[in-house]
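Visitor: Dropping a structure here in structure tokens format, bear with me for questions.
Here you go:
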């Protein structure tokens, strides 16, 4: 039995593929090694994996995760997975590679992630060949759920929100500006906290124009500071994975067109396409 997993900073989607080809899907929280220690990952997995999962019978784990871009961080996640899946071969890849493989398969092109965080790349059909650092949630991550959430929270603490939106925000969260600052600057996982407010932006129906403008300027920053810096970017189609890109795809498609890119695939999660990718690899190896 093998496992394929796509891990973001907030949530990980898992698929168990048994020897008969039956797929079993489940979810856990996300494990970004920049924010989650080995011990934390191990404890979380032991608590949240399905109780009937026979971990000692797993022979291979293919885990693609946010933050797994360096050898050091991949080793951190590998050690955690090895402690849980004690009889499995552990393969750790970056979530950006998962996105490229899911969106493009064996074809070359442009791939992006727009979820809790942001990432982008040029993919040659096998590997990532060009990647502009997103800067993560403090320095960059334009267009992400965290970035949209930060813009919303900034408007809130500065008093820039339209009154109807501010009233709804208070009724929904009961957070004062001081509460927001304390959560962001003194509590762990500030990126998840900020990203959680992108759902409020999506659900807000008291001032749709305010929400739309907030999302559009976030995507415009994403293109200005990341996408348009790839050489000949307009020759590629725009392909994207992630809940933010998917939920706000109408605005995203508009910004794509304004920047001279044709829209390709915009999907919520790569897990199904990743499973197919690994099934094909296994078939070729036989």
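In the numbering used here, the protein residues as written are -6 to 279. The beta carbon of each residue, even a glycine, is placed where N, CA and C say it ideally should be.
1) Just curious, the beta strand (DSSP E) that residue 282 is in, first and last residue?
2) For residue 14 and residue 44, what's the separation of their Cα atoms in angstroms?
3) What would DSSP say about residue -1, mapped onto helix, strand or coil?
4) Could you work out which residue in 103, 211, 75 and 117 is closest to residue 139 when comparing CA atoms only?
5) Helix, strand or coil: how does DSSP classify residue 178 here?
6) Could you pull the DSSP bridge partners for residue 17 from this structure?
7) Look at the Cβ atom of residue 248, then the Cβ atom of residue 216, and state whether they are nearer than 8 Å.
8) For residue 77, does the three-state DSSP call read helix, strand or coil?
9) Following the continuous beta strand (DSSP E) through residue 58, name the residue where it begins and the one where it ends.
10) Using three-state DSSP, classify residue 260 as helix, strand or coil.
11) For the stretch 112 to 174, which segments carrying the alpha helix (DSSP H) assignment without a break, of at least 4 residues, lie completely within its bounds, in sequence order?
Guide: On the basis of the coordinates in this document:
1) Since the first residue of the chain shown is -6 and the last is 279, residue 282 is not available in this structure.
2) Approximately 21 Å, taken between the alpha carbons.
3) strand
4) 211
5) helix
6) 9
7) yes
8) helix
9) Taken as a continuous stretch (DSSP letters only), the beta strand (DSSP E) holding residue 58 covers 53 to 58.
10) Collapsing the DSSP output to three states places residue 260 in a strand.
11) 129 to 132, 138 to 151 and 156 to 166
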